[in-house]
Amino acid sequence: MKENWQEQLQTLLNCDLKTLYPLARSLNRKLEFYVGPTNSGKTYNAMQKLKEANSGLYLAPLRLLALEGYEDLKESKINASLITGEEQMLDEDAAHVCSTIEMLDFDLDVDVAVIDEVQMLEDPDRGWAWVNAIIGCPAKKVIMTGSVNALDAIKKIASYLDEELEIVKHQRKNELKILPKWTSLEKLEDGTALIAFSRSDVLKLKQKLQKKYSVSVIYGNLSPEVRRDEAKRFREKKSQILIATDAIAMGLNLPIKTILFTTDEKFDGKSRRKITVNEIVQIAGRAGRYGHFEAGYLGATRRDVLAHVALEFESPIKTIKPPFKVKINNNQLEALASHIKTNSLTKILKFFADNMIFSGPFVAANISSMLEAAKIVDTRFNLKLEDKYLLAQAPITTKSNIILQAYEAYIASVIKKRVCHYKPSITLPKKAITQKDLLLVEDEVKKISLYLWLSYKLPDIFPDHDKAYILRNSFNAFIEKSLRGNLIEEESPKKFFHERKQKDNPTSRSEKKEKSVKKSYNPRRRKTI
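Numbering (my numbering), first residue to last: 1077 to 1605.
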């Protein structure tokens, strides 16, 4: 009996990814890789092929890029639908779809698909989505765009698939030059982008420079809508200087003449380290947008930073090495749960990561963000495994108490199948006074994004999609307004922001008790299974 169980488990743990996507295998696909640096026109050329096709699909790494692709098709008089985790604009007459890569429909076949920024397959948390798309995208022609560090990886995956691959090389359309001297913050030219690697550093630079220059800011915690508005201000020359994190490395067409690094170190989630050649090249490529400038310029605001950037920039690009990450799917989840007899999502994910064996250059992903969410949902014993898996994929961050408390409330609604209406956690004053004030509103926008994501997955429980969408626009407008003003680092002298007493749901006596516990929620004290 035990031997039979072991044999069944071994069969389950051996996976040939090709077989999971029968529609893609039936199409006799042709793969094309448009490879080149930023400013080489590779994405533009790929989109032209998409426009010429009778039916097509654009898969973007960001919601912002999916929207830009959608608008590009609409401007070319091509009917299109937009599908992301938080919004859907469906056109019944459309044969083209633009979506974020995680929203790929593996049962919808098209003539041409464009998979943008395939070097993202190296990303530890999201790389699996590019791997799945490359292997399973149901298109007769699959056009991938990306940087040269992904070339070997794409060749290896194509070889595993035994599918035809054409490499279309693109060269940068204008020169990128390294400045010989460091640049003072007192002598910045219009069209300059300053690069920092944290929200705090970006806002400190903004506070320092806005006395002399008009500035726009872009960093990861800002919603895509606010980033887009800030980019628009810079593009329309309403601001002279852009201050940004590496969030500008992907997407966002910006008329930047000069990129200046203000530091050569970043915190990568584990430790503070020097920035790498790949990171420098990806960011620096944004300088000298073709059609706006004859050349782009790369420099730094400190002598030591310039020395590191110049040295790394001349170094060889580091190629992406196998194995490539693969995420557990629903069928594997259910089968493993049955075999190892557990309802713990954390245990199943860890078992999958430790034991799964794949044909080809692949390995099971140990996705940190999903594991963090799994630890939370596993504390709720009356939650079904399929619901745990769904909720563990929700867009949350464990760094924000606003989002964690909302996540707990939403989990409770799923368990009780109780309608959850959206209510904001904070009230807005006329403007933010401190950076912390602004952070609260940024987190509220993320909370709305979480609700919108759930409203598409579980619309009967989370029905307030339209209300949440409108509120998000209001909060984004507040953030935009606040970024125009002065933000001090200290606490506000008055309490401008008040957390609402009412929660996301009407409460019974037992639910009030549950919520009083949530009020003092501290993730460090949480016990996990």
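Just so it is clear, CB atoms sit at the ideal spot from N, CA and C, and this is done for glycine as well.
Take Tyr1465 and list the residues in its own chain whose beta-carbon comes closer than 8 angstroms to its own, dropping the five residues that flank it on each side. The sequence position of residue 1465 within the sequence shown is 389, counting from 1. Contacts found: Asn1406, Leu1409, Leu1421.
Between which residues of its own chain and Lys1543 is the CB-CB distance below 7 angstroms, once the five residues before and five after are set aside? What you label residue 1543 is simply residue 467 of the sequence shown in a count that begins at 1. Excluding sequence positions up to five before and after Lys1543, its CB lies within less than 7 angstroms of the CB of Tyr1498, all in the same chain and listed in chain order.
For the stretch 1523 to 1541 against the stretch 1458 to 1476, are there 3 or more C-beta pairs whose distance is under 8 angstroms? In this structure the stretch 1523 to 1541 touches the stretch 1458 to 1476; the number of beta carbon pairs closer than 8 angstroms is three or more.
Close beta carbons around Phe1273, own chain, < 8 angstroms, minus the five adjacent residues each side: Locating residue 1273 in the sequence shown gives position 197, counting from the first residue. Contacts found: Thr1321, Asp1322, Thr1339, Glu1341, Lys1342, Phe1343, Ile1351.
Alpha carbon to alpha carbon, how far is Glu1370 from Ile1254? Give it in angstroms, no decimals. Walking along the sequence shown from the start, residue 1254 turns up at place 178. Walking along the sequence shown from the start, residue 1370 turns up at place 294. The alpha-carbon atoms of Ile1254 and Glu1370 are separated by roughly 14 angstroms.
Would Leu1141 and Asp1192 be called neighbours here (beta carbons separated by less than 8 angstroms)? The count along the sequence shown starts at 1 and reaches residue 1141 at position 65. The count along the sequence shown starts at 1 and reaches residue 1192 at position 116. Going by beta carbons, Leu1141 and Asp1192 fall inside the 8 angstroms limit.
Taking the straight line between their C-alpha atoms, what separation do you get for Asp1380 and Pro1535? As a working mapping, residue 1380 is identified with position 304 in the sequence shown. As a working mapping, residue 1535 is identified with position 459 in the sequence shown. Rounded to whole angstroms, Asp1380 to Pro1535 spans 54 angstroms at the Cα level.
Hey, Ile1219 and Val1194: beta-carbon distance below 8 angstroms or not? For this step, residue 1219 is matched to residue 143 along the sequence shown. For this step, residue 1194 is matched to residue 118 along the sequence shown. With contacts defined by Cβ atoms closer than 8 angstroms, Ile1219 and Val1194 do not form a contacting pair.
For Pro1437 versus Val1495, is the C-beta distance shorter than 8 angstroms? Position 361 of the sequence shown, counted from the start, is the residue given in the question as residue 1437. Position 419 of the sequence shown, counted from the start, is the residue given in the question as residue 1495. Note that the C-beta distance between Pro1437 and Val1495 is not below 8 angstroms.
What are the boundary residues of the beta strand (DSSP E) that includes Ala1371? Here residue 1371 is taken as the residue at index 295 of the sequence shown, counted from 1. For Ala1371, the enclosing beta strand (DSSP E) starts and ends at 1371 to 1376.
For the beta strand (DSSP E) containing Tyr1110, name the first residue and the last one. As a working note, residue 1110 is residue 34 in the sequence shown. Unbroken beta strand (DSSP E) run through Tyr1110: 1106 to 1111.
What residue from Glu1388, Ser1444, Ala1129 has the CA that sits closest to Lys1020's CA? Beyond the ends of the chain as shown, which are 1077 and 1605, falls residue 1020; an answer cannot be given.
From Phe1428 to Trp1204, what does the alpha carbon distance come to, in whole angstroms? Within the sequence shown, residue 1428 is the residue found at index 352, counting from 1. Within the sequence shown, residue 1204 is the residue found at index 128, counting from 1. Rounded to whole angstroms, Phe1428 to Trp1204 spans 14 angstroms at the Cα level.
DSSP state of Gln1164, grouped into three classes? Here residue 1164 refers to the residue found at position 88 when the sequence shown is read from its first residue. In the structure shown, Gln1164 sits in a strand (DSSP, three-state: E or B).
Burial state of Glu1565, where buried means 16 or more other Cβ atoms lie within 10 Å: Translated into positions along the sequence shown, residue 1565 becomes position 489. Counting Cβ neighbours within 10 Å, Glu1565 comes out exposed, since fewer than 16 surround it.
Quick check on Ile1324: does DSSP put it in helix, strand or coil? Position 248 of the sequence shown, counted from the start, is the residue given in the question as residue 1324. In the displayed model, Ile1324 falls within a helix according to three-state DSSP.
Looking at Phe1389: is its Cβ nearer than 8 angstroms to the Cβ of Val1357? The residue given as residue 1389 occupies position 313 in the sequence shown. The residue given as residue 1357 occupies position 281 in the sequence shown. Contact: yes.
Is the stretch 1092 to 1110 touching the stretch 1155 to 1172 in the sense that three or more CB pairs, one from each, lie closer than 8 angstroms? Put simply, the stretch 1155 to 1172 does not touch the stretch 1092 to 1110. Fewer than three CB pairs are less than 8 angstroms apart.
Any beta strand (DSSP E) of 3 or more consecutive residues that is wholly inside the stretch 1217 to 1273: Runs found: 1240 to 1245, 1251 to 1254, 1268 to 1271.
What would DSSP say about Asn1090, mapped onto helix, strand or coil? Counting from 1 along the sequence shown, the entry for residue 1090 is found at position 14. Correct three-state label for Asn1090: strand.
Which residues does DSSP list as the beta-bridge partners of Tyr1134? Reading the sequence shown from its first residue, position 58 is the one you call residue 1134. Tyr1134 has Cys1174, Val1190 as its beta-bridge partners, per DSSP.
For Pro1398, tell me which candidate among Lys1426, Arg1365, Ser1435, Leu1412 has the shortest Cα-Cα distance. To locate residue 1398, count along the sequence shown from 1; it is residue 322. Nearest option by C-alpha distance: Ser1435.
Arg1560, DSSP secondary structure in three states: Here the question's residue 1560 lines up with position 484 in the sequence shown. Note: Arg1560 maps to helix in three-state DSSP.
In this structure, how does DSSP classify Ser1501 when only helix, strand and coil are distinguished? Within the sequence shown, residue 1501 is the residue found at index 425, counting from 1. Coil.
Just tell me which of Asp1238, Ala1226, Glu1262, Leu1237 has its CA closest to the CA of Lys1245. The residue given as residue 1245 occupies position 169 in the sequence shown. The option with the nearest alpha carbon to Lys1245 is Ala1226.
If Ser1391 and Val1353 are in contact, beta carbons under 8 angstroms, what's the gap, nearest whole angstrom? Within the sequence shown, the letter at position 315 stands for residue 1391. Within the sequence shown, the letter at position 277 stands for residue 1353. Confirmed, about 5 angstroms.
Please state if the CB of Ala1122 and the CB of Tyr1110 are separated by a distance shorter than 8 angstroms. As a working note, residue 1110 is residue 34 in the sequence shown. As a working note, residue 1122 is residue 46 in the sequence shown. A contact, by the Cβ cut-off of 8 angstroms.
Report the rounded CA-to-CA distance for Glu1242 versus Lys1216, giving the unit in angstroms. The residue you call residue 1242 lines up with position 166 of the sequence shown. The residue you call residue 1216 lines up with position 140 of the sequence shown. Distance from the CA of Glu1242 to the CA of Lys1216, rounded to the nearest whole angstrom, comes to 14 angstroms.
For Val1291 and Tyr1120, the rounded distance between their alpha carbons: Position 44 of the sequence shown, counted from the first residue, corresponds to residue 1120. Position 215 of the sequence shown, counted from the first residue, corresponds to residue 1291. Rounded to whole angstroms, Tyr1120 to Val1291 spans 29 angstroms at the Cα level.
Is it true that the stretch 1254 to 1264 meets the stretch 1480 to 1489, where meeting means three or more beta-carbon pairs spaced less than 8 angstroms apart? Counting Cβ pairs under 8 angstroms, fewer than three are found: no touch.
Proximity of Gly1132 and Val1224 at Cβ, strictly below 8 angstroms: Residue 1132 sits at position 56 when you count from the first residue of the sequence shown. Residue 1224 sits at position 148 when you count from the first residue of the sequence shown. Against a cut-off of 8 angstroms, the Cβ pair of Val1224 and Gly1132 comes out as no contact.
Straight-line CA distance for Arg1348 to Lys1282? Numbered from its first residue, the sequence shown carries residue 1348 at position 272. Numbered from its first residue, the sequence shown carries residue 1282 at position 206. Each residue's alpha carbon lies about 23 angstroms from the other.
Applying the 10 Å Cβ sphere with the 16-neighbour rule, what's the burial state of Asn1208? Locating residue 1208 in the sequence shown gives position 132, counting from the first residue. Within a 10 Å sphere around the beta-carbon of Asn1208 sit 16 or more other beta-carbons, which makes this residue buried.
Element boundaries [beta strand (DSSP E), containing Val1389]: By 1-based counting over the sequence shown, the position of residue 1389 is 313. For the record, residue 1389 in the displayed sequence is Phe; it is not Val. From DSSP, Phe1389 is part of no beta strand (DSSP E) but of the alpha helix (DSSP H) over 1379 to 1389.
Check whether the Cβ atoms of Trp1258 and Gly1364 lie closer than 8 angstroms to each other. Counted from its first residue, the sequence shown places residue 1258 at position 182. Counted from its first residue, the sequence shown places residue 1364 at position 288. Their beta carbons are not under 8 angstroms apart, which means Trp1258 does not touch Gly1364 by this criterion.
If the criterion is Cβ atoms closer than 8 angstroms, does the pair Ser1525 and Glu1162 meet it? Counted from its first residue, the sequence shown places residue 1525 at position 449. Counted from its first residue, the sequence shown places residue 1162 at position 86. Closer than 8 angstroms, so yes.
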